[in-house]
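A short worksheet on the structure shown next.
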Amino acid sequence: MSSRRTERLLNLVICLAATRRWLTKEQIRAAVPQYADGDTAEAFDRMFERDKEDLRDLGIPVVTGTDERWFDDEPGYRIDRDDYALPPIELDAQELAVVGLASRVWQQAGLAGPAARALTKLTALGVDTDDAGAGLEPRIRTPEPAFGPLYAATRDRQAVSFSYRKPNGDLAVREVEPWAVASRNGRWYLIGNDRGRGAARVFRLSRIESDVKRRGRTGAYGVPESLDAQSMIGKHVPPVDDRVATVLLRTGRGAGLRRQVVASVPSAQRPGWDELQIRIGDAGMLAQSLAGLGPDAIALEPADLRGEVVRRLKGALATQAELAAPEQLITPEETIDVVSQP
Amino acid sequence: MSAVAATARLSRLLTMVPWLLNRPGIELGEAARNFKITEQQLVKDLELLFVCGTPGHMPDDLIAAEWDSGRIYLANADAIARPLRLDQDEAIALIAGLRTLSDLQEPGERRAVDSALVKLSAAAQDAVPAAGRLDIDLTPGQSGVEQALGTAREALRRHRRLRLQYLVPARDEITERDVDPMQVTSIDGRWYLEAWCHRAEGVRLFRFDRVAGLRLLDVDGTPPGDAVSRAVDEQLFTPSPDDLMVTLEVEPRGRWVAEYYPVEDTQELPGGRMRVVMRVASPDWIPRLVLRLGGAGRVVEPTALARQVVDTATEALAAYGTAMSPAHHEPSH
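Rendered as structure tokens:
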């Protein structure tokens, strides 16, 4: 019967948790009726060993020991009930509600199962949650296959190796001691000691192209106390450019850009256009936005911004026009051949 | 039943026993909902509990379970009357989740998060260092977005309607509409407002980074009864048969496109270049993307879109040739 194994495990838990004495294997065999299924001592041994492992995998502390008074050679087993049970965490309804919210952060991500089980265990203590959070539902996702293994390796402090697609497109094998797995702006990063380069590095999980292999033992290295994963990810944020740019926008166009505007007046020279003062902030991003608006925007000042917009427009035109000539087309078949050559 | 299924069920039973002991007389339906199982499965679980117990297995040794009345009563389960402690992954998930929330809460709401965090960390001390190595930042990072988030959350708390100025980039326009907020949610690092839109007379999803203005109205903002919330990723990523497939080729410095936008397919090309296939509802923004890329990418298909890039760039550069710029006298290209 399909429930028989669960029944056996549950009886084993109850018998090991109910006892104050150490129970020998023979006593356990007699106490759990489903062990009668194994007719030989070997069959029972195999079942019992596997069951013990299953219980330990669930976090159930099956401990061994002997009652010293009897100087008995044969070890006994029991479950340490203090270690077994969830300590009485006294959460009020509001606290339990935010724990529920914290659990739902994972609803569509790698730790969805553990997060849901943890919440149920806490509600098993007796308190019910009033659904608070005022309609706030933060969610993350972990679409990268590398998340699971890297999370586990980071938890266990175990080195890993993987092949990594560098920003320039090259593939390289990296061996890393993971310090942290972090998410920002919806992207996952691994922060760790790159053994090949002997220095701290940040890796994007979406650029890991192989399976993640574990290397060496767990707990093999320490993680710097002062590690601030988020600031390591944020290191490459460009400095804020406080200058104000002058830009012409066709009236009614560039709605997005107009949100950053400091001042806007109808252009005196060009009817149907507005002259805008815009705080630059990130000069590269502003040049991109202006180039993207094409003939609906003209950057006037400063000169470096204007130059960058023109450079982008010329670049886009050159790259696109090159392809417009039909003989330049690369067919997918040719491409595959080139890629597969060693 | 596989070994995994057996241990998963055992794990559920070990949580179910204390949950039921703490709620004597709870209805079958409510208990089943809590454990996300059917009532039939719940009854099977109760039947299994009923035949388990302390050694001896005489009737008095077994767990007492009664549910004939539709209400569940459990007794004689002292050995497993308390829930199993949190394992490492369970504790890490909650602690990392709470820390994420702690960054998001407005000061008045922080008490519950902080005190829950203290209590959980004390109960699962072993997991605290590892939880610190999982670091999720969901803060929007743009002050405009943060402000709008605050306004929307206040509207949700007070059940107020919102007047929304919203940028529609595909049409390059800002629209104004009144909306009744349903939830504020984030997915992949972006924040969204799900609301009943009175202009569209339907549930709509709005990106906070496209909100140009948001004002709380002194009007009741309870959404109509037929406004049903949908999973956000479902709304975002449901393909439509009207979608257009666009193929781009990008240089190494344009590879971010495949990471930034949802793509159907990518293919490596020599020299670190990449071919990217995207499914788009409206192709209008693709020429704009290529102009932004400034030479780091181009449209391969459809060819009409490729021609549009050439035409738009040519026209834009012509404007620079004639633009009045008193401060600079650059030669036109």
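Chains as they are written, first to last, in full-length UniProt numbering: chain U, 1 to 342; chain H, 1 to 333.
Glycine is no exception: its CB is placed at the ideal position from the N, C-alpha and C atoms.
- Limits of the unbroken alpha helix (DSSP H) element including N34(H): Residues 28 to 34.
- Query: Is any beta-carbon of chain H found at less than 7 Å from that of E327(U)?
  - Reply: Low confidence applies here, because E327(U) scores a pLDDT of 43, under 50, leaving its location unreliable and the question unanswered by this model.
- Interface residues of chain H around L276(U) at Cβ under 8 Å? Among the residues of chain H, none has a CB under 8 Å from the CB of L276(U); the nearest is roughly 14 Å distant.
- Identify every residue that forms a DSSP beta bridge with S282(H). Answer by DSSP bridge pairing: none, since S282(H) is not bridged.
- Item | Residue burial classification, M16(H) (beta-carbon count within 10 angstroms, cutoff 16) | buried
- Among V43(H), G271(H), G272(H), M245(H), which one has its Cα closest to the Cα of D265(H)? M245(H)
- Close-in-space but distant-in-sequence residues of the same chain around R50(U) (CB under 8 Å, 5 per side omitted): none
- Item | Near-chain U residues of the segment 247 to 263 of chain H (beta-carbon distance less than 7 Å), N- to C-terminal order | The segment 247 to 263 of chain H vs chain U, Cβ under 7 Å: P252, R255, E259.
- Task: Could you name the residues of the same chain whose beta carbon sits closer than 7 Å to that of D4(U), not counting the 5 residues immediately before and after it, in chain order?
- Result: The sequence given here places Arg at residue 4(U); Asp does not occur at that position. The residues are Q34.
- Task: Pull up the CB-CB distance for residue 376(H) and G53(H), whole angstroms please, since I reckon it's below 8 Å.
- Result: The structure shown does not extend to residue 376(H), since chain H is modelled only from 1 to 333, so the question has no answer here.
- Cα separation between L20(H) and D114(H)? 29 Å
- Pair every Cβ in the segment 282 to 289 of chain H with every Cβ in the segment 264 to 273 of chain U, then say whether three or more of these pairs are closer than 8 Å. no
- Query: Could one say the Cβ of S186(H) lies closer than 7 Å to chain U's Cβ atoms, at least one of them?
  - Reply: yes
- Where the beta strand (DSSP E) through K213(U) begins and ends: 213 to 215
- Query: If you drop the 5 nearest sequence neighbours on each side, which residues of the same chain put their C-beta closer than 8 Å to that of E7(U)?
  - Reply: Q34
- What residues in its chain sit with their C-beta under 7 Å from that of R78(U), if we drop five residues either side in the sequence? L16, T19, W22, L23, V63
- Message: Below 8 Å on C-beta distance, what does M182(H) contact in chain U?
- Response: G135
- Query: On the three-state DSSP scale, how would you describe S163(U)?
  - Reply: strand
- Where do the N-terminal and C-terminal ends of the beta strand (DSSP E) with residue 347(U) fall, by residue? Residue 347(U) falls outside the range modelled here, since chain U spans only 1 to 342, and no answer is possible.
- Would you identify the three-state DSSP class for R5(U), choosing helix, strand or coil? helix
- Item | Nearest-angstrom Cα separation, counted from V127(U) out to V219(H) | 35 Å
- Rounded Cβ spacing between G174(U) and G198(U) (contact assumed at less than 8 Å): The question names Gly, but residue 174(U) in the sequence shown is Arg. Between G198(U) and R174(U) the Cβ distance is about 13 Å, and since that is not below 8 Å, they are no contact.
- Task: List the residues of chain U that C197(H) touches, going by C-beta distances under 9 Å, in chain order.
- Result: By Cβ distance, chain U contributes nothing, its closest Cβ being about 16 Å from C197(H), past 9 Å.
- Message: Check whether chain H comes within 7 Å of residue 345(U), counting only Cβ atoms and requiring the distance to be less than that.
- Response: As displayed, chain U neither begins before 1 nor continues past 342, which places residue 345(U) out of reach and without an answer.
- Item | Contacts that Y84(U) makes with chain H (C-beta to C-beta distance below 8 Å) | Here the neighbours are R82, L84, R85.
- Indicate whether at least one CB of chain U lies closer than 7 Å to the CB of W19(H). Closer than 7 Å: yes.
- Message: For chain H, check one thing: does any of its Cβ atoms lie closer than 7 Å to the Cβ of I280(U)?
- Response: no
- Can you find a C-beta in chain H that's less than 7 Å from the C-beta of V339(U)? The pLDDT assigned to V339(U) is 31, lower than 50, so where the model puts this residue is not dependable; a value taken from the coordinates is nonetheless given after this. Closer than 7 Å to some Cβ of chain H, the Cβ of V339(U) qualifies, so yes.
- Message: Determine, for P138(U), whether the minimum Cβ-Cβ distance to residues of chain H falls below 7 Å.
- Response: yes
- Task: Could you tell me the boundaries of the alpha helix (DSSP H) in which P114(U) lies?
- Result: 112 to 124
- R199(H) burial status per 10 Å Cβ neighbour count (16 or more: buried): exposed
- With 16 as the cutoff for other CB atoms within 10 Å, does R33(H) come out buried or exposed? By the neighbour-count rule (16 or more Cβ atoms within 10 Å), R33(H) is not buried but exposed.
- Name the chain H residues that come within less than 9 Å of Q230(U), Cβ to Cβ? D135, D137
- Task: Pick out whichever of S229(H), M274(H), A8(H) has its Cα sitting closest to the Cα of L248(H).
- Result: M274(H)
- Item | Whether R163(H) touches L217(H) by CB criterion (7 Å) | yes
- Query: In chain C, what lies closer than 7 Å to I174(H) by C-beta?
  - Reply: Checking the listed chains, one finds no chain C in this structure; the protein chains it contains are U and H.
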